[in-house]
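Q:
Residue numbers (the working numbering): 100 to 360.
#1: Using only CA atoms, which one of 270, 354, 198 lies nearest to residue 213?
#2: Check whether the segment 301-310 and the segment 324-334 touch, using three or more Cβ-Cβ pairs below 8 angstroms as the test.
#3: For residue 324 and residue 278, which I take to be in contact (beta-carbon distance under 8 angstroms), what is that distance rounded to the nearest angstrom?
#4: To the nearest angstrom, how far is it from the Cα of residue 322 to the Cα of residue 294?
#5: Please work out which residues of its chain come closer than 7 angstroms, Cβ to Cβ, to residue 245, disregarding the five sequence neighbours upstream and downstream, and give them in chain order.
#6: Touch check for the segment 168-185 and the segment 204-220: three-plus C-beta pairs under 8 angstroms?
#7: Does DSSP classify residue 176 as helix, strand or coil?
#8: Within its chain, find whatever has a CB closer than 7 angstroms to the CB of residue 347; leave out the 5 residues flanking it on each side and keep chain order.
#9: Looking at the secondary structure, which residues open and close the beta strand (DSSP E) in which residue 201 lies?
#10: For a cutoff of 9 angstroms on Cβ pairs, would you count residue 343 as touching chain C?
#11: Residue 247: buried (16+ other C-beta within 10 angstroms of its C-beta) or exposed?
#12: Quick check on the DSSP output: the alpha helix (DSSP H) that includes residue 230 runs from which residue to which?
#13: Which same chain residues, not among the five before or five after residue 63, have their C-beta less than 6 angstroms away from its C-beta?
#14: In the DSSP output, which residue or residues are listed as bridge partners for residue 204?
#15: Under DSSP, the beta strand (DSSP E) around residue 191 begins and ends at which residues?
#16: Whether or not the segment 229-240 and the segment 140-157 are in contact is what I'm after, with contact meaning three or more pairs of Cβ atoms, one per stretch, closer than 8 angstroms; do they touch?
#17: Please say whether residue 259 and residue 356 have beta carbons closer to each other than 9 angstroms?
#18: Return the residue from the list 337, 185, 226, 117 that minimises the CA-CA distance to residue 167.
#19: From 115, 121, 130, 124, pick the residue whose C-alpha is nearest to that of residue 106; which is it?
#20: For residue 354 versus residue 204, is the C-beta distance shorter than 9 angstroms?
#21: Are there 16 or more other CB atoms within 10 angstroms of the CB of residue 196, so buried, or fewer, so exposed?
#22: The alpha helix (DSSP H) that contains residue 321, what's its start and end?
#23: Among 231, 219, 221, whose alpha-carbon lies nearest the alpha-carbon of residue 184?
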């Protein structure tokens with residue numbers, strides 16, 4: 100397997116750049132990023148002709164590092180005794196496999212690392228679930244909430260978390276508040292009290308990774324704002340970079356549903 104040598108900017112330059120919004124993205128740059136991540140297909144672009152699409156796909160080298168990483172993680176998972184880690188990560192043992200709920204969906208992970216669920220599984224979800232099991236976190240949740248920047252190594256990635264996670268959620272709330280709330284509730288979120296805004300939503304992204312999403316609508320001179328906070332034990336279960344990918348998955352789920360109207 101070869102590493103994907105094309106980056107999002109290089110792919111963007113090869114697209115029609117019409118920014119038509121007819122795919123699941125509003126503009127071509129986010130679409131290019133989604134294709135590189137494996138979350139979208141070039142065929143979703145209505146203005147990309149067959150020959151041009153084939154040429155781009157040939158240079159994308161779809162069999163990339165993600166599949167290599169998944170294979171590596173599966174090899175490590177085979178050496179883990181699920182009986183030893185299930186309780187610590189909040190998973191349920193079922194016929195020798197682990198059942199883990201992630202953003203409202205149940206995933207079954209076999210002892211060989213094979214993952215099954217209803218519907219499509221992206222490479223990113225596979226990597227996250229396998230990494231979550233491999234990390235083998237333990238301990239009860241503290242009930243103390245912290246920002247992303249307060250977790251271990253969080254400050255280094257704080258600007259990325261704001262850009263990739265909090266700002267897109269803010270746009271969803273700003274433009275489609277009721278639909279965004281309904282989507283969060285469909286994923287298992289509940290409204291909660293005791294926070295500095297009435298728009299507070301508690302949601303388990305993984306069994307040991309709850310979040311509270313706080314939204315402040317625009318008021319006079321104050322711009323709207325979203326803040327996502329975590330239990331202080333979060334980095335026992337996933338590292339800071341993996342948390343970004345996890346919340347990006349939430350953002351992507353909401354974006355797809357909203358794009359369907």
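Cβ coordinates follow ideal geometry from the N, Cα and C atoms, glycine included.
Treat the numbers as computed from the prediction; the structure is a model and nothing was measured.
A: From the atom records:
#1: On the chain shown, position 114 is the one that residue 213 refers to. Nearest C-alpha to residue 213: 198.
#2: yes
#3: The sequence position of residue 324 within the chain shown is 225, counting from 1. The sequence position of residue 278 within the chain shown is 179, counting from 1. With 8 angstroms as the limit, residue 324 and residue 278 do not qualify as a contact, their Cβ atoms being about 19 angstroms apart.
#4: Here the question's residue 322 lines up with position 223 in the chain shown. Here the question's residue 294 lines up with position 195 in the chain shown. Cα to Cα, the separation comes out at about 18 angstroms.
#5: The residue given as residue 245 occupies position 146 in the chain shown. Taken in chain order, the residues that qualify are 328, 329, 331.
#6: yes
#7: Counting from 1 along the chain shown, the entry for residue 176 is found at position 77. Helix, per DSSP.
#8: Counting from one through the chain shown, the residue named residue 347 turns up at place 248. Closer than 7 angstroms at Cβ, skipping near neighbours: 263, 264.
#9: As a working mapping, residue 201 is identified with position 102 in the chain shown. Unbroken beta strand (DSSP E) run through residue 201: 196-201.
#10: In the structure shown, chain C does not exist; there is a single protein chain.
#11: The residue labelled residue 247 in the question sits at position 148 within the chain shown. Buried, by the Cβ-count rule.
#12: Within the chain shown, numbered from 1, the residue matching residue 230 stands at position 131. Taken as a continuous stretch (DSSP letters only), the alpha helix (DSSP H) holding residue 230 covers 222-234.
#13: The question about residue 63 has no answer here: the residues shown for the chain are numbered 100 through 360.
#14: To locate residue 204, count along the chain shown from 1; it is residue 105. DSSP, once it has assigned bridges, lists 201 as partnering residue 204.
#15: What you label residue 191 is simply residue 92 of the chain shown in a count that begins at 1. Here the beta strand (DSSP E) through residue 191 covers 191-193.
#16: no
#17: The sequence position of residue 356 within the chain shown is 257, counting from 1. The sequence position of residue 259 within the chain shown is 160, counting from 1. Taking 9 angstroms as the Cβ cut-off, residue 356 and residue 259 do not qualify as a contacting pair.
#18: Numbered from 1 along the chain shown, position 68 holds the residue referred to as residue 167. Taking only the C-alpha atoms, the option nearest residue 167 is 226.
#19: The sequence position of residue 106 within the chain shown is 7, counting from 1. Per the Cα distances, 130.
#20: Here residue 354 is taken as the residue at index 255 of the chain shown, counted from 1. Here residue 204 is taken as the residue at index 105 of the chain shown, counted from 1. Their beta carbons are not under 9 angstroms apart, which means residue 354 does not touch residue 204 by this criterion.
#21: Along the chain shown, read from residue 1 onward, the residue named residue 196 stands at position 97. Per the 10 Å Cβ criterion, buried.
#22: Reading the chain shown from its first residue, position 222 is the one you call residue 321. Premise fails: residue 321 is in no alpha helix (DSSP H) and is neither H nor E.
#23: Taking the first residue of the chain shown as 1, we reach residue 184 at position 85. When only C-alpha atoms are compared, the closest one is 231.
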